Each structure stands twice: as C-alpha cells, then as structure tokens.
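Here the sequence shown stands for residues 334 to 522, numbered as in the working numbering.
For glycine and all other residues, C-beta sits at the position ideal for the given N, C-alpha and C.
As the structure is a computational prediction, the values presented were derived from the model and not from experiment.
I have placed the structure first, in the form of structure tokens, so that the comments after it can refer back to it.
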Amino acid sequence: PVVATLPPAKVAYLLPWGSQTPGAVYALLRAGVRVHQAGRSPTIGARTYPAGTAIVRVAELGAGQRETLAGIVGRHGLSVAALDSGWVDRGVSLGSGDVAALKAPRIVLAWDTRTSSLSAGWTRYVLERRFGFAVSAVRVSSLARLDLDKVDVLVLPQGSYDNVFNEDAVRRLREWMRGGGTLVTIGEA
C-alpha cells in the first residue's frame, strides 16, 4: 500500500475537494477519523481552498490515526496541506458554523424490476468500486416500506417508480428530505 508522508501540522490537515477526495473521506470516517468539511472556500496565505475541502483537526486525532490518515491519503493520491495556525485570511473560519462534522453515509440503492439494470449496475459499481462506499441494495417493491430513519442517501436508478410510491410514501419521502435525507435520481427516475 502507498503511504503518504504527512508533514507535521499543529492545527489541521486540509484535503482539497477533488475527484479522489470523497473516497478518501469515506475511508477516513470508516476508520474512525473525525473529518469536517468547509461549506465555503477558505483562503489561507496565497491559496484558496474550494468549498467542500475536508478538514482533519490534529487535536481530534487519536492514537495511530495520523498513520491511518497518511495511508488513506497515499492510497487515494491526495495532496494534503498541513496547517500550523488556524488563521484564515478570507472566507470561512475553520472553527465556524460553516464547517460541519461529517459522518459516513448510509446509502440505499433501488434495484430489480422497474429499474434499468444497466443504470443500477453502473451506479452501484461507481459507488462501491470508484468511491469505496458501502451500498445496500433494496428491491423496488420494498421501497414504500423502507425505514428512512436508517438511510442517509436513497439512490433511484433510471426506471419507473410511478406505482411504487403511494401518497403516504411520497409524504414520508418529502419529510425525510426536509430532515436532511438526500434523494439521488438518475436519468428519468
């Protein structure tokens, strides 16, 4: 396995958002490393970091977690900025309310009849293989009975769901989304 050499940091490590960052953040969360995310762009020195930049605070790293961070960063080929100060020149402060603690999402993917098998297969491949996310597949016929309190992300591949969601199921789905649940629809789902 590739292990990155992390420079020493007194305050935090920043992982700028890019195509490899979601998988690394998920792996860090699954390994028990606390990760936060900047909702807006911070500028530190001459560099502006994009919104979504992941933040790992040194004070929150437990025993052995610096090595875990180095290993995951290395496997994902990420560049990491080491901060010795919490001073931000412009934008979001690293300790503000615009910096949120993240948790590993519980992802459910609809599959079976009414979905396009190619769309469902491609989606699962991308989530599991490309990003390393754990995905639970649920039959379309079970969606109306799904306990949404145990789901963070519901993915509906291309397909027809007209007869699946009755009025009560649609109401529950809307309430779940208002409460922070994420619904991802693909194609004409």
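Residue i, DSSP secondary structure in three states
| i | result |
| --- | --- |
| Ile-440 | strand |
| Gln-398 | helix |
| Ala-467 | coil |
| Ala-386 | For clarity, residue 386 is Thr in the given sequence; the question names Ala instead. Note: Thr-386 maps to coil in three-state DSSP. |
| Leu-427 | coil |
| Arg-447 | coil |
| Ile-405 | helix |
| Gly-492 | strand |
| Val-432 | strand |
| Ala-415 | strand |
| Ala-522 | coil |
| Leu-479 | coil |
| Leu-361 | helix |
Candidates the options: closest to residue i by CA position
| i | options | result |
| --- | --- | --- |
| Leu-460 | Val-517, Glu-500 and Val-473 | Val-517 |
| Leu-339 | Val-413, Ser-493 and Ala-443 | Val-413 |
| Trp-350 | Arg-439, Arg-373, Leu-506 and Asp-495 | Arg-373 |
| Val-471 | Ala-387, Val-406, Pro-355 and Asp-445 | Asp-445 |
| Ser-352 | Phe-464, Val-441 and Met-510 | Phe-464 |
| Arg-462 | Leu-348, Ala-360, Ser-475 and Phe-498 | Ala-360 |
| Ile-377 | Val-344, Asp-485 and Ala-522 | Val-344 |
Burial state of residue i, where buried means 16 or more other Cβ atoms lie within 10 Å
| i | result |
| --- | --- |
| Tyr-382 | buried |
| Trp-420 | exposed |
| Gly-397 | exposed |
| Gly-492 | buried |
| Thr-354 | buried |
| Tyr-346 | buried |
8 Å contact criterion, which residue i and residue j should meet: CB distance rounded
| i | j | result |
| --- | --- | --- |
| Ala-433 | His-369 | 6 Å |
| Ala-342 | Leu-416 | 6 Å |
| Val-441 | Val-488 | 7 Å |
| Pro-490 | Thr-515 | Pro-490 to Thr-515, Cβ: 15 Å. No contact. |
Chain B within 8 Å of residue i, Cβ atoms only
| i | result |
| --- | --- |
| Val-421 | No chain B is present in this structure, which holds just one protein chain. |
| task | Evaluate the contact criterion for the region 446-461 versus the region 396-405: three or more CB pairs, one atom per stretch, below 8 Å. | result | no
| Is the region 475-482 in contact with the region 490-504, if contact means three or more CB pairs nearer than 8 Å? | yes
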